[in-house]
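Inspection log for the structure reproduced underneath, given as structure tokens.
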Amino acid sequence: MTGSLQDKASLLEVDGLSVEYRLNGLSLRAIDDVSFALRAGEAIGLVGESGSGKTTTAMAIAGLLSPNARVSSGEVRYRGERLPIDDDAAMRPHRWSETSVVFQGAMNALNPVHRIIKQIAEPCRLKLGMSRGGATARARELLELVGIPADRGFAYPHELSGGMRQRVMIAMALACRPSIVIGDEPTTALDVIIQAQILKLLGELRSQLNLAVILITHDLSVVAEACDRVMIMYAGRIVEDGTVAEIFAQPKHPYTKLLIDSIPNPANGKKMIRPIPGDPPNLVNRPSGCAFHPRCPSAIGICATEFPSLDEFGQGRVACHLHRSSQEDKVAAHA
Ligand SMILES: Nc1ncnc2c1ncn2[C@@H]1O[C@H](COP(=O)(O)OP(=O)(O)OP(=O)(O)O)[C@@H](O)[C@H]1O
Ligand code: SF4
Ligand SMILES: [Mg+2]
84 MTGSLQDKAS LLEVDGLSVE YRLNGLSLRA IDDVSFALRA GEAIGLVGES GSGKTTTAMA
144 IAGLLSPNAR VSSGEVRYRG ERLPIDDDAA MRPHRWSETS VVFQGAMNAL NPVHRIIKQI
204 AEPCRLKLGM SRGGATARAR ELLELVGIPA DRGFAYPHEL SGGMRQRVMI AMALACRPSI
264 VIGDEPTTAL DVIIQAQILK LLGELRSQLN LAVILITHDL SVVAEACDRV MIMYAGRIVE
324 DGTVAEIFAQ PKHPYTKLLI DSIPNPANGK KMIRPIPGDP PNLVNRPSGC AFHPRCPSAI
384 GICATEFPSL DEFGQGRVAC HLHRSSQEDK VAAHA
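So for the sequence shown, this note's numbering puts the first residue at 84; every next one is plus one.
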């Protein structure tokens, strides 16, 4: 991991992590050499198009990778200790109690035949070894924490709105008192008003519980509201990383610029998300050099052949031949 990002105060360190999936005899590298650190109470947004490796990164950190996945390099450390992320049994004591995940559309996964309160109390009993009465009391407390009156816990899932069900999922994610919550598109299925309420709730929980948050989204505008830092992923790699203020004011990577440009902006009459031209790359047969070069409006000769490393810039990092201080001569020679 690059020097300044390695930090004793880090809660979580992801160091050179690569994950491959085996499918029909083929191997697909879904994330490649991903490194970053997360401090207690910090919120990082993980942004990128579909297939860029956001969920794989989250699942690897939480030790929830699917059976056909393999960690091919790197490691994840929690409070300085290496996590056994590729060992299902060894990961059991860590899962949900250190890092928990609120999945996309998870609110539809609630069991329709059980009351909400029972579904929240269950992990408290199983994971924390609480008595039935203690677990119910904890479930009531968790409901209040996420803004649902405790007595509503006697409702069945179908009696609650989508926003309320997502609050229940957040309550369940908090059951074992994790220090990190990963939200994988937690607001995607909700309308904008409810989406704003859920983001506000995550923000309140962050300051109340000193929770660190990794918020996964396609939508940079969500990150602007809810995060301190943003990491942009493309084809399984982090291509840019910086504070929200830096990234929005001075994006360096051409892909980040296009992402920002695609955000609807009522101020200048841009009402629709403008899609980025071209298709995301095929990860089984990824492009040579910079994976973004076939779509990049700023590509230069070197981009098709040479891979840009992720270099530090101020408080952030960027992987682009146009922004490599040590490569200025090379870029000039190929331009
Ligand atoms: N279980 C799996 N088996 C094989 N390939 C997988 C599996 N899960 C994900 N992939 C592939 O790994 C790559 C990264 O997928 P991932 O789900 O991490 O992306 P994502 O950024 O979360 O995308 P989305 O925004 O669509 O959720 C994609 O090419 C995807 O098809
Ligand atoms: S390295 Fe080249 S192709 Fe890749 S983003 Fe930078 S300019 Fe574009
Ligand atoms: Mg995903």
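Note that beta-carbon positions come from the ideal geometry of N, C-alpha and C, so glycine has one too.
Please read these numbers as outputs of a predicted model, since none were measured by experiment.
Presumed contact (8 Å Cβ cut-off) between residue i and residue j, rounded CB distance
| i | j | result |
| --- | --- | --- |
| V264 | V296 | 6 Å |
| G246 | I281 | 7 Å |
| V97 | V154 | Contact flag wrong, Cβ pair sits at about 11 Å. |
| D267 | I299 | 5 Å |
| H406 | K335 | 5 Å |
| T219 | A204 | 5 Å |
| V229 | A258 | At roughly 11 Å, the Cβ-Cβ gap does not stay under 8 Å, so V229 and A258 are not in contact. |
| V367 | L109 | 5 Å |
Distance between residue j and residue i (C-alpha atoms, nearest Å)
| i | j | result |
| --- | --- | --- |
| A233 | G319 | 42 Å |
| L100 | G372 | 20 Å |
| G216 | G146 | 30 Å |
| P377 | P370 | 8 Å |
| N191 | G384 | 48 Å |
| M316 | D169 | 22 Å |
| A415 | G157 | Reliability fails at A415, whose pLDDT of 49 lies under 50, so the model's placement of it is uncertain and the value that follows must be treated cautiously. Going by the C-alpha atoms only, they are around 34 Å apart. |
| D344 | V130 | 14 Å |
| V305 | R175 | 32 Å |
| L342 | I359 | 7 Å |
| P206 | L148 | 20 Å |
| A374 | G361 | 12 Å |
| Q187 | E224 | 24 Å |
| E132 | S214 | 44 Å |
| R165 | A238 | 41 Å |
| I199 | V313 | 34 Å |
Residue i beta carbon near ligand 1 (any heavy atom closer than 7 Å)
| i | result |
| --- | --- |
| A254 | no |
| Y338 | no |
| S149 | yes |
| T139 | yes |
| A113 | yes |
| S135 | yes |
| L341 | no |
| L298 | no |
| L100 | no |
| L106 | yes |
| G131 | yes |
| L366 | yes |
Secondary structure of residue i, DSSP reduced to three states
| i | result |
| --- | --- |
| A382 | coil |
| E242 | helix |
| F396 | strand |
| I359 | coil |
| I144 | helix |
| I253 | helix |
| A152 | strand |
| I267 | Here residue 267 turns out to be Asp, not Ile, going by the sequence shown. D267: strand per DSSP, three-state reduction. |
| G445 | Outside the shown range of the chain, which is 84 to 418, sits residue 445, and nothing can be said about it. |
| V229 | coil |
| G217 | helix |
| V275 | helix |
| V196 | coil |
| E158 | strand |
| R369 | coil |
| T388 | coil |
| E181 | coil |
| R260 | coil |
| R165 | strand |
Ligand 2 heavy atom lying under 7 Å from the CB of residue i
| i | result |
| --- | --- |
| I383 | yes |
| C310 | no |
| F375 | yes |
| P391 | yes |
| L405 | yes |
| C259 | no |
Residue i beta carbon near ligand 3 (any heavy atom closer than 7 Å)
| i | result |
| --- | --- |
| D267 | yes |
Near ligand 4: residue i beta-carbon under 7 Å from a heavy atom
| i | result |
| --- | --- |
| Y317 | Here the bound small molecules are ligand 1, ligand 2 and ligand 3; ligand 4 is not part of this structure. |
query: In chain order, which beta strand (DSSP E) runs of at least 3 residues are fully inside the region 85–126?
result: The region 85–126 contains, as complete beta strand (DSSP E) runs of 3+ residues, the segments 93–106, 109–122 (chain order).
Length-filtered (4 minimum) alpha helix (DSSP H) runs lying within the region 285–357: Unbroken alpha helix (DSSP H) stretches of 4 residues or longer found wholly inside the region 285–357: 303–309, 327–332, 337–344, given in chain order.
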